[in-house]
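For the protein sequence lines, the chains are A and B, in the order given. Using my numbering, the first residue of the first sequence is number 33, and each one after it goes up by one. Using my numbering, the first residue of the second sequence is number 33, and each one after it goes up by one. Working notes for the structure below.
Protein chains: 2
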Amino acid sequence: MKNGRRRGRTGTGAGRGDGSRIAILQTARELFARRGFRGTSLASIADAVELSQPGVLHHFPSKTELLLAVLRQRDTEDGRLASSLRTREGIDLIRALGGLVAHNQASPEIVRFFTVLTSEALADDHPAHDYFVDRYRQIRARIERNLRRGQESGEVRCDADLEAIAPIVVAVMDGLQLQWLLDRDVDVLRSYDVFARMLIQYLEQGSAAEL
Amino acid sequence: MKNGRRRGRTGTGAGRGDGSRIAILQTARELFARRGFRGTSLASIADAVELSQPGVLHHFPSKTELLLAVLRQRDTEDGRLASSLRTREGIDLIRALGGLVAHNQASPEIVRFFTVLTSEALADDHPAHDYFVDRYRQIRARIERNLRRGQESGEVRCDADLEAIAPIVVAVMDGLQLQWLLDRDVDVLRSYDVFARMLIQYLEQGSAAEL
DNA sequence: GTCTATATGAGGATAGAC
DNA sequence: GTCTATCCTCATATAGAC
């Protein structure tokens, strides 16, 4: 008794149509978040969406393509979120990222998805390797750019090393969330707030705004 | 032609004795660092040390036990390093951790080992899950404790929230190293130095030492 | 669109010879 | 201490029926 599924349909081929595709994408994201890409079998995804394993591969030509589809989907969904950050410049960006951290507290699965997959994708033959290299470059570049606008407006001290600061901001968010995923007692929001205070104070020193 | 090994020995059972055990531990650490625990096969380890796969299992009863042995070994080796940090208190600890970051730049494999395995071990059924939960608790506790000594000596402002700061310090180190592993252009040392300046300035504000 | 059946291969672990 | 041979399970992917 290996195949423990019990679909009500009689195999006429009616199916769920597009609904299956959507269900597969969501379930794949959840399971990839738990066990990584390599650690997740197509069969486990199939079970969760109540399809056979080849049923899953009907919608995506391969497991790798499924992962890439999940990443593309998240990109479009995150597009809205990212664009709401686009206009936040200088000190305001640091506070806005606190809002993102707060928002993430409600979505441990998404946080875990990116945490687990980023580490797995350190291997340069991982299907998502290039994706994550690019992702981090873009995030750092955006933070640096928006902080620089604050510098140009005189809000941020002109001698702040923004190229060094952008990776720090990313590191704090990632690193705190990693600790939180491992141990929910870690208070990400409290720590981020202390960091933000520290950073803002540093950025404002000697700025035109301070005078 | 599947088994691509060509040992010179004739199978008399002489072997390398203890040398094999050592070689297995080191190779396992390297491969776990690259592909994680789940992503590494015993066969790949066996190939690298020029043993058969059952030959590897002669030294460790299972793959899980091999991982735990690797972790135990790192703990004893890191013991020396950790004890050199034990006496660094207050502001001095923040600078000493910069030395650790610098030291890590020469050992990407070790950094990657911990990065990859920590994320993989987020799964609560992972063989190293408890190990990493404990590890992070201990690291945070030690940082908090050593900063508190600086507080007691008056070097660090007394209203600093050390329970919030300890996770930040860990996050910055982990997060910067993750970005560096993904993209060697990231300048971990430069970013850590900026962070350290920022944090030290924050900690010194309103301290007795400042007066 | 979904299934069953199957090809093909990899992985962990064990038995038993030398 | 190490090997060969083997077992069993699991995984991805494909072929072809309905």
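Glycine residues also receive a C-beta, built at the ideal position from the N, C-alpha and C atoms.
{"Item": "Residue nearest to histidine 158 of chain B in terms of C-alpha spacing, selected from B:Thr96, B:Phe227, B:His90, B:Ala240", "Value": "B:Thr96"}
{"Item": "Per-residue DSSP class, three states only, for histidine 158 of chain A", "Value": "coil"}
{"Item": "Chain A contact for asparagine 35 of chain B (CB, 9 Å cutoff)", "Value": "Reliability fails at asparagine 35 of chain B, whose pLDDT of 38 lies under 50, so the model's placement of it is uncertain and no value is given."}
{"Item": "Residue environment, proline 86 of chain B, which counts as buried when at least 16 other CB atoms sit within 10 Å", "Value": "exposed"}
{"Item": "Spatially closest choice to leucine 14 of chain B from B:Ala101, B:Thr59, B:Asp219, B:Ala65, by CA coordinates", "Value": "Because chain B is modelled from 33 through 243, residue 14 of chain B falls outside the range shown and cannot be assessed."}
{"Item": "Supposed contact pair alanine 196 of chain B and serine 223 of chain A - C-beta distance, whole angstroms, cut 8 Å", "Value": "5 Å"}
{"Item": "Threonine 72 of chain B - DSSP class collapsed to helix/strand/coil", "Value": "coil"}
{"Item": "Distance CB(arginine 189 of chain A)-CB(leucine 235 of chain A) smaller than 9 Å", "Value": "yes"}
{"Item": "Minimum Cβ-Cβ distance from glutamine 233 of chain A to chain B less than 9 Å", "Value": "yes"}
{"Item": "The segment 115–129 of chain A / the segment 176–188 of chain A touching (three or more Cβ pairs under 8 Å)", "Value": "yes"}
{"Item": "Best match in A:Asp206, A:Ala192, A:Trp212 for proximity to leucine 231 of chain A [C-alpha to C-alpha]", "Value": "A:Ala192"}
{"Item": "Cβ of glycine 182 of chain A within 9 Å of any chain B Cβ", "Value": "no"}
{"Item": "Alpha helix (DSSP H) segment containing threonine 150 of chain B, residue limits", "Value": "140–152"}
{"Item": "DSSP-derived helix/strand/coil call for aspartate 79 of chain B", "Value": "helix"}
{"Item": "Where arginine 1 of chain A meets chain B, residues with beta-carbon distance less than 7 Å", "Value": "Residue 1 of chain A is absent from the structure shown; chain A starts at 33 and stops at 243."}
{"Item": "DSSP state of leucine 243 of chain A mapped onto helix, strand, coil", "Value": "coil"}
{"Item": "Neighbour flag for valine 102 of chain B against chain A, beta carbons, 9 Å", "Value": "no"}
{"Item": "Under 9 Å between C-beta atoms of arginine 144 of chain A and alanine 65 of chain A", "Value": "yes"}
{"Item": "Test: aspartate 124 of chain A CB closer than 9 Å to a CB of chain B", "Value": "no"}
{"Item": "Check whether valine 202 of chain B and isoleucine 200 of chain A have beta carbons under 9 Å apart", "Value": "no"}
{"Item": "Contacting positions in the segment 200–215 of chain B - beta carbon closer than 8 Å to chain A", "Value": "Ile200, Val202, Ala203, Val204, Met205, Asp206, Gly207, Leu208, Leu210, Gln211, Leu213, Leu214, Asp215"}
{"Item": "Best match in A:Ser76, A:Ile54, A:Leu243, A:Glu62 for proximity to threonine 147 of chain A [C-alpha to C-alpha]", "Value": "A:Glu62"}
{"Item": "Selection from A:Ser139, A:His161, A:Pro140 that minimises the alpha carbon distance to leucine 149 of chain A", "Value": "A:His161"}
{"Item": "Boundaries (first-last residue) of the alpha helix (DSSP H) holding valine 133 of chain B", "Value": "123–136"}
{"Item": "Within chain A, partners of tyrosine 168 of chain B - CB distance below 7 Å", "Value": "Gln211, Leu214, Asp215"}
{"Item": "Proximal residues to glutamate 109 of chain B (C-beta, below 7 Å), its chain only, five neighbours per side dropped", "Value": "none"}
{"Item": "Expected contact under 8 Å - CB spacing of arginine 169 of chain A and aspartate 215 of chain B to nearest Å", "Value": "7 Å"}
{"Item": "Aspartate 50 of chain A versus aspartate 107 of chain A: straight-line alpha-carbon distance, rounded", "Value": "20 Å"}
{"Item": "Pick from A:Gly238, A:Ile54, A:Phe92, A:Val88 that is closest to glycine 186 of chain A, judged by C-alpha positions", "Value": "A:Gly238"}
{"Item": "Proximal chain B residues relative to aspartate 191 of chain A, where beta-carbon distance stays under 8 Å", "Value": "The contacting residues do not exist; aspartate 191 of chain A stays about 11 Å from chain B at best."}
{"Item": "Residues within the segment 111–139 of chain A neighbouring chain B, beta-carbon criterion of under 9 Å", "Value": "none"}
{"Item": "Buried versus exposed call for arginine 172 of chain B [16 or more other C-beta atoms within 10 Å across all chains shown]", "Value": "buried"}
{"Item": "Whether histidine 135 of chain A touches leucine 103 of chain A by CB criterion (9 Å)", "Value": "no"}
{"Item": "Contacting residues, own chain, Cβ-Cβ under 6 Å from serine 218 of chain B (five flanking each side not counted)", "Value": "One point to set straight first is that residue 218 of chain B is valine, not serine, in the sequence displayed. The residues are Gln211, Trp212."}
{"Item": "Where the alpha helix (DSSP H) containing glutamate 187 of chain B begins and where it ends", "Value": "Looking at the DSSP string, glutamate 187 of chain B is not in any alpha helix (DSSP H), and its letter there is neither H nor E."}
{"Item": "Helix, strand or coil at alanine 101 of chain B according to DSSP, with G and I counted as helix", "Value": "helix"}
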